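Worksheet: the structure to be examined is printed underneath.
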Amino acid sequence: MDEKYFSRKACWHTMEGQLVVHDSFSEHAPRMITMEPWYAVVFMSADGEHTVGDFVIQMAAQYEAGEPAGLREQIHEIMGTLIEEGILRLHEEPEPLPTYFAEEYFEQDAEIRNQQMQADGLID
0 MDEKYFSRKA CWHTMEGQLV VHDSFSEHAP RMITMEPWYA VVFMSADGEH
50 TVGDFVIQMA AQYEAGEPAG LREQIHEIMG TLIEEGILRL HEEPEPLPTY
100 FAEEYFEQDA EIRNQQMQAD GLID
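For the sequence shown, counting from 1, position 91 maps to 90 in numbering that gives the first Met the number 0; every step adds exactly one.
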């Protein structure tokens, strides 16, 4: 998993300081998910241009004493859960996120967002 890139597959916004994911495209859709802090960090870091290994290194660097035991496994488990939930994906090459997954849901005009999603085949 460490050599793969990871990307968001859902729209999102913040509400009262918490990340809320709008799942409109997975097999579990439609739903809204309020993310726990660690899950939110992973989801928001899923920009499609960094590998899982890069992310683990970045997170390990936050600890003065070095990477805590089990950090890599914890990150892999969180990513696995988000992948199973259909809101995160892994891929072989870097891929920039489409605007509608990169930017906060309400930052962009709804008509423009819908046109982009239609062009990408996400909606009819």
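Don't be surprised by glycine CBs; every beta carbon is placed ideally from N, CA and C. It should be emphasised that the depicted structure is a prediction, and the values quoted were computed from it without experimental measurement.
Where the beta strand (DSSP E) containing G47 begins and where it ends: 46-50
Test item: CB-CB of L121 and F24 under 7 Å: yes
Supposed contact pair A9 and H21 - C-beta distance, whole angstroms, cut 8 Å: 6 Å
Simplified DSSP assignment, three categories, for F24: coil
M116 at chain D interface by Cβ criterion, 7 Å: Protein chains in the displayed structure number just one, and chain D is not present.
Beta-bridge pairing of M14 - partner residues as DSSP gives them: Q17
With 16 other Cβ atoms within 10 Å as the buried cut-off, status of F105: exposed
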